[in-house]
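A.B. asks: Numbered by mature numbering (1 follows the signal peptide of the UniProt record, and there is no 0), the letters in the sequence shown go through residues -20 to -1, 1 to 45 in order.
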Amino acid sequence: MKIRLLISALMLALLNFANAGGPRCVAKFDYGIGVGLLKETFTNRLYCAYLGIPYAQPPLGELRT
């Protein structure tokens, strides 16, 4: 079980490292900066992909009314 967990963690680390060298896009906001990846469509157009940016508070408590 421990060896399986170790191998999984190593694979995730290697995937993250392999992705780290790609071209980046940087967007400056009032509250900080966002770093995205430069991607390409199947028609060879380039675009910036910003992944994992939280965009709203979850509807909990009084927000759920």
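Every residue gets a Cβ at the ideal spot worked out from N, C-alpha and C, and that includes glycine.
A quick note: this is a predicted structure, and the numbers were derived from the prediction, not measured.
Hey, how far is the Cα of Tyr27 from the Cα of Leu40?
C.D. replies: 34 Å
A.B. asks: Starting from Glu20, trace the beta strand (DSSP E) in both directions and tell me its first and last residue.
C.D. replies: For Glu20, the enclosing beta strand (DSSP E) has its first and last residue at 12 to 20.
A.B. asks: Looking at the structure shown, is Arg7 part of a helix, part of a strand, or coil, going by DSSP?
C.D. replies: Before going on, a small fix: residue 7 reads as Ala here, not Arg. DSSP places Ala7 in strand when its eight states are reduced to three.
A.B. asks: Helix, strand or coil for Leu(-9)? Go by DSSP, reduced to three states.
C.D. replies: helix
A.B. asks: Helix, strand or coil for Leu40, going by three-state DSSP, please let me know.
C.D. replies: coil
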